[in-house]
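Chemist:
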Amino acid sequence: MKLYFNKFSRGSRVRWMLEELGLPYECIVLDMRTGEHRDPAKNPHPLLKVPALVQDDGTVLMESHAIVVHLADAYGRVPDGAAFIPPSGQRGRFYQWCFYTQVTLEPEVYAVFRDSRLPAAEQNPALVAAARAKFATLLPPIRAELTSKPYLLGDAFSACDLLMSGLLIWAKGQGMLDDEPLLVAYAERCGARPARQRAMA
Ligand SMILES: N[C@@H](CCC(=O)N[C@@H](CS)C(=O)NCC(=O)O)C(=O)O
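If you count the sequence shown from 1, position 19 lands on 19 in this note's numbering, and the numbers rise without skipping.
1. Between the C-alpha atoms of A131 and E26, what's the straight-line distance to the nearest angstrom?
2. Run through the DSSP bridge pairs and tell me what G154 is partnered with.
3. Considering only DSSP beta bridges, list what L53 is partnered with.
4. Could you tell me whether the Cβ of V109 comes closer than 9 angstroms to any Cβ of chain C?
5. What residue does the beta strand (DSSP E) around E36 start on, and which one ends it?
6. Less than 9 angstroms separating the beta-carbons of V138 and Y100?
7. Say the cut is 8 angstroms; is the CB of M32 nearer than that to a heavy atom of ligand 1?
8. My output table needs one value for E26: the three-state DSSP class, helix, strand or coil.
9. For the alpha helix (DSSP H) that contains S104, what are its first and last residues?
10. Whole angstroms is fine: what's the gap from P86's alpha carbon to A52's?
11. How many angstroms separate the CA atom of V128 from the CA atom of E106?
12. Cutting at 6 angstroms between CB atoms, please list the residues of its own chain near A111, excluding the five before and the five after it.
Structure (C-alpha cells):
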C-alpha cells in the first residue's frame with residue numbers, strides 16, 4: 001500500500017491506523033506548504049488533497065475516516081490479536097462514534113481552525129464564537145460515555161477511539177477543550193500510544 005500523506009493533515013489518522021495494524025506501507029510525504037499535493041503527477045487523490053491510500057490492487061481510496069474504518073475491517077480482527085473493530089453486525093455504536101466524529105464534530109473544529117489561518121482582516125469572530133459554542137453542546141454524550149469506561153466501546157481501544165481522540169487532540173489545539181479534563185485525559189491517553197507516536201514522527 002502507498003499512503004500519500006502530510007502529518008499536519010487528516011492523513012495522520014490513516015497513518016496512525018496503519019501503524020496500529022503493523023501493516024507494510026510506503027509513505028509518500030507531500031509538502032502542502034509548496035503545494036506539492038496539487039500536482040496530479042504526484043498525488044493520486046481525485047481532488048488533489050491528502051490523504052489518499054493506493055491499495056495493492058491499485059484502487060485509490062480517499063476520505064480519511066472511511067479509510068480508517070476500511071483498514072480496521074480488513075485487517076483489524078486478527079485471531080488472538082487486538083480487535084480494532086467489533087464483529088460485523090455488532091457495529092452500531094462503533095459506527096455511531098465514527099460518524100459523530102466526522103459529520104457532527106469535525107465541521108466545528110475545522111471552522112475554528114480555518115478562521116485562525118486567515119489574514120486578520122478576513123477573520124470572523126462571530127463565526128468562531130458560534131462554532132465554539134456549538135462544539136461545547138456536542139461534548140456531553142462523549143463525556144457521559146467515558147465517565148464509566150476508558151474507551152468508547154468499553155475496556156479496549158478501537159478505531160472509533162482513534163478517530164475520536166485524533167479529533168479531540170485537534171480541538172484541544174484550537175482551545176476548544178479548556179474545561180474538559182476528562183476528554184483531554186482520554187485524548188492524551190490515546191495519543192500517547194506508540195503507533196500514534198510513530199505516525200507523527
Ligand atoms: N474529508 C477529507 C478531507 C481531505 C482534505 O480536505 N484534506 C486537506 C488536508 S487535511 C487538504 O488536502 N487540503 C489541501 C487542499 O485542499 O488544497 C478527508 O477526511 O480525507
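Idealized CB from N, CA, C, for every residue including glycine.
All figures in this text were calculated on a predicted structure; none of them were measured in a lab.
Modeler: Reading it off the structure:
1. 37 angstroms
2. Y151
3. L3 and L61
4. Absent from the structure is chain C; it holds one protein chain and no more.
5. Taken as a continuous stretch (DSSP letters only), E36 belongs to no beta strand (DSSP E), as it is neither H nor E.
6. What sits at residue 138 in the sequence shown is Leu, not Val. Yes, the Cβ-Cβ distance between L138 and Y100 is below 9 angstroms.
7. yes
8. strand
9. Checking the displayed sequence, the identity of residue 104 turns out to be Thr instead of Ser. Per DSSP, T104 belongs to no alpha helix (DSSP H) and is neither H nor E.
10. 25 angstroms
11. 14 angstroms
12. A131
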